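Colleague: Starting off with a structure, shown below.
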Amino acid sequence: MSALCAAYHPRLLLCRNPTPASPAAGRRRHPLPVRCATVTEEKRSARVATVNNGRDSLTICRVLNGMWQTSGGWGRIDRDAAVEAMLRHADAGLTTFDMADHYGPAEDLYGIFINRVRRERSPELLEEVKGLTKWVPPPVKMTGSYVQENINISRKRMDVASLDMLQFHWWDYSNPGYLDALKHLTDLKEEGKIKTIALTNFDTERLHIILENGIPVVSNQVQHSVVDMRPQQRMAELCQLTGVKLITYGTVMGGLLSEKFLDTNVSIPFAGPPLNTPSLQKYKRMVDAWGGWSLFQVLLQTLKRVASKHGVSIPTVAVRYILDQQSVAGSMVGVRLGLGEHIQDTNAVFSLALDEEDINEITEVSKKGKDLLEAIGDCGDEYRRA
762 MSALCAAYHP
772 RLLLCRNPTP
782 ASPAAGRRRH
792 PLPVRCATVT
802 EEKRSARVAT
812 VNNGRDSLTI
822 CRVLNGMWQT
832 SGGWGRIDRD
842 AAVEAMLRHA
852 DAGLTTFDMA
862 DHYGPAEDLY
872 GIFINRVRRE
882 RSPELLEEVK
892 GLTKWVPPPV
902 KMTGSYVQEN
912 INISRKRMDV
922 ASLDMLQFHW
932 WDYSNPGYLD
942 ALKHLTDLKE
952 EGKIKTIALT
962 NFDTERLHII
972 LENGIPVVSN
982 QVQHSVVDMR
992 PQQRMAELCQ
1002 LTGVKLITYG
1012 TVMGGLLSEK
1022 FLDTNVSIPF
1032 AGPPLNTPSL
1042 QKYKRMVDAW
1052 GGWSLFQVLL
1062 QTLKRVASKH
1072 GVSIPTVAVR
1082 YILDQQSVAG
1092 SMVGVRLGLG
1102 EHIQDTNAVF
1112 SLALDEEDIN
1122 EITEVSKKGK
1132 DLLEAIGDCG
1142 DEYRRA
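Just so you know, our numbering puts 869 at position 108 of the sequence shown, and the rest follows in order with no gaps.
And the structure:
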């Protein structure tokens, strides 16, 4: 999920080789499950999307495993348990992982995980697994050597020769250095160190400028949920014209869009579930900006009716609704690796088909809230307001 914090966080971890595995670790701990190789091509096509710009392309699972939760604030991450959880997600067909340079040990965990996949899983699964990362540089001069040095750090941590996707974030649009950085990233792509270049939290105006400068962008990762429909205004129109796709985060609002918060009142101390993670606190502020907790309850009740009709959960409906929006290639579901899993609910997204009645009912409630484009600004502007 993109979910960048509102101040620059330098890399906290130095590059290092993972602790050598014990001899037993090299043996397959679980039998290979029956999975993607046995599904029909029709079912597989519902699970994946390809982002491309004409020359460069990458096929991803349409529901991505978001690794912001490894950065602290959700509970202590145990390395071995986390890697085992990543393997379970991949075995279940959830093969795309999204991380960032500042998500604690996320890139290191991916490096350990991908080596386990290389040793213990089929070549077909290895081909399907994708690791998407982000680079969030401080506002310094973007020289070629500086950009290359930072990309090499991610390559080493993730233990890959070429990053599947590098998603670039920039804090201050008044500093045009983002174009320099993107041109250097394009050079690294031509050298084979990056497969695809993407953006995260860029607005429509800057995306247009970047494309006009010939940067081969394949996607822009933005906040998008049934509460935050800003990407379907200006951004989706440009994406439709240019072929750039959207990857969305905040789609289940850190868990707020779930049965856990249905018929609750979080404004009364100890009356409802605690907002005890960075993501819950962040998206509660988004609810407040949109229309408040009472209207949010109406939305949850609506989502619950639709979910009950189809025999699925509220988060499953919330993700499906956004996946069906214009230009959306994939949506993020955060994973608390080793702490909790929702693999079955997540996989239910692929077989869920919302009918016209469902879509109209959800859309009607969504539109009762404030226009967040007017209240907050375009995609990513929440990170750049004074």
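Every residue gets a Cβ at the ideal spot worked out from N, C-alpha and C, and that includes glycine. This one's a predicted model, so the numbers in the text were calculated from it and none came from an experiment.
Give a yes or no on contact between the stretch 853-868 and the stretch 808-824, applying the rule of three or more CB pairs nearer than 8 angstroms.
Modeller: Judged by Cβ distances under 8 angstroms, the stretch 853-868 makes contact with the stretch 808-824, as three or more pairs qualify.
Colleague: Enumerate, from N- to C-terminal direction, the unbroken beta strand (DSSP E) stretches of 3 or more residues contained entirely within the stretch 854-878.
Modeller: 857-859
Colleague: Where does R1097 fall in DSSP's three states?
Modeller: strand
Colleague: Taking only runs of the alpha helix (DSSP H) that begin and end inside the stretch 1052-1097, which ones reach a length of at least 4 residues, in chain order?
Modeller: Counting only runs of 4 or more, we get 1054-1071, 1075-1084.
Colleague: Just checking, does the stretch 1113-1121 make contact with the stretch 1023-1032 on the three C-beta pairs under 8 angstroms criterion?
Modeller: Fewer than three pairs of CB atoms, one per stretch, sit closer than 8 angstroms, so the stretch 1113-1121 makes no contact with the stretch 1023-1032.
Colleague: Can you find at least 3 beta carbon pairs, one from the stretch 1054-1072 and one from the stretch 1121-1131, that sit closer than 8 angstroms?
Modeller: yes
Colleague: Runs of 3 residues minimum, wholly inside the stretch 947-1012: which ones carry the beta strand (DSSP E) assignment?
Modeller: 958-961, 978-984, 1006-1010
Colleague: Run the CB neighbour count on E889, radius 10 Å, all protein chains shown included, and call it buried at 16 or more, exposed below.
Modeller: buried
Colleague: Kindly indicate the opening and closing residues of the beta strand (DSSP E) around G892.
Modeller: 891-896
Colleague: Distance, Cα to Cα, M1047 vs L927?
Modeller: Cα to Cα, M1047 sits roughly 27 angstroms from L927.
Colleague: Look at the Cβ atom of N814, then the Cβ atom of G953, and state whether they are nearer than 8 angstroms.
Modeller: The Cβ-Cβ distance between N814 and G953 does not fall below 8 angstroms.
Colleague: What residues are listed by DSSP as bridge partners for I821?
Modeller: A810
Colleague: Put F929 into one of helix, strand or coil per three-state DSSP.
Modeller: In the three-state scheme derived from DSSP, where H, G and I count as helix and E and B as strand, F929 is classed as strand.
Colleague: Apart from the five residues on each side of it in sequence, which residues of its chain come closer than 8 angstroms, Cβ to Cβ, to D1142?
Modeller: D964
Colleague: Using a 10 Å radius around the Cβ and a threshold of 16 neighbouring Cβ atoms, would you call K902 buried or exposed?
Modeller: exposed
Colleague: Classify A922 as buried or exposed, calling it buried when 16 or more other Cβ atoms lie within 10 Å of its own Cβ.
Modeller: exposed
Colleague: Just grab the DSSP bridge partners of M924 for me.
Modeller: It should be noted that the sequence gives Leu, not Met, for residue 924. L924 pairs with I955.
Colleague: Would you list the residues sitting across from G827 in a DSSP beta bridge?
Modeller: Its beta-bridge partners are D859, G1095.
Colleague: What does the Cβ neighbour count give for G1130, buried or exposed, with the cut at 16 atoms within 10 Å?
Modeller: With 16 or more other Cβ atoms within 10 Å, it is buried.
Colleague: Do V979 and K944 have their C-beta atoms closer together than 8 angstroms?
Modeller: no
Colleague: What is the residue span of the alpha helix (DSSP H) that T1107 lies within?
Modeller: 1104-1109
Colleague: Closest by CA to A942, which one among M919, I1075, Q909, A997?
Modeller: Q909
Colleague: Specify the secondary structure class of L886 as computed by DSSP and reduced to three states.
Modeller: The answer is helix: DSSP assigns L886 an H, G or I state.
Colleague: Kindly confirm or deny that the stretch 1014-1023 and the stretch 984-998 touch, where touching means at least three C-beta pairs closer than 8 angstroms.
Modeller: yes
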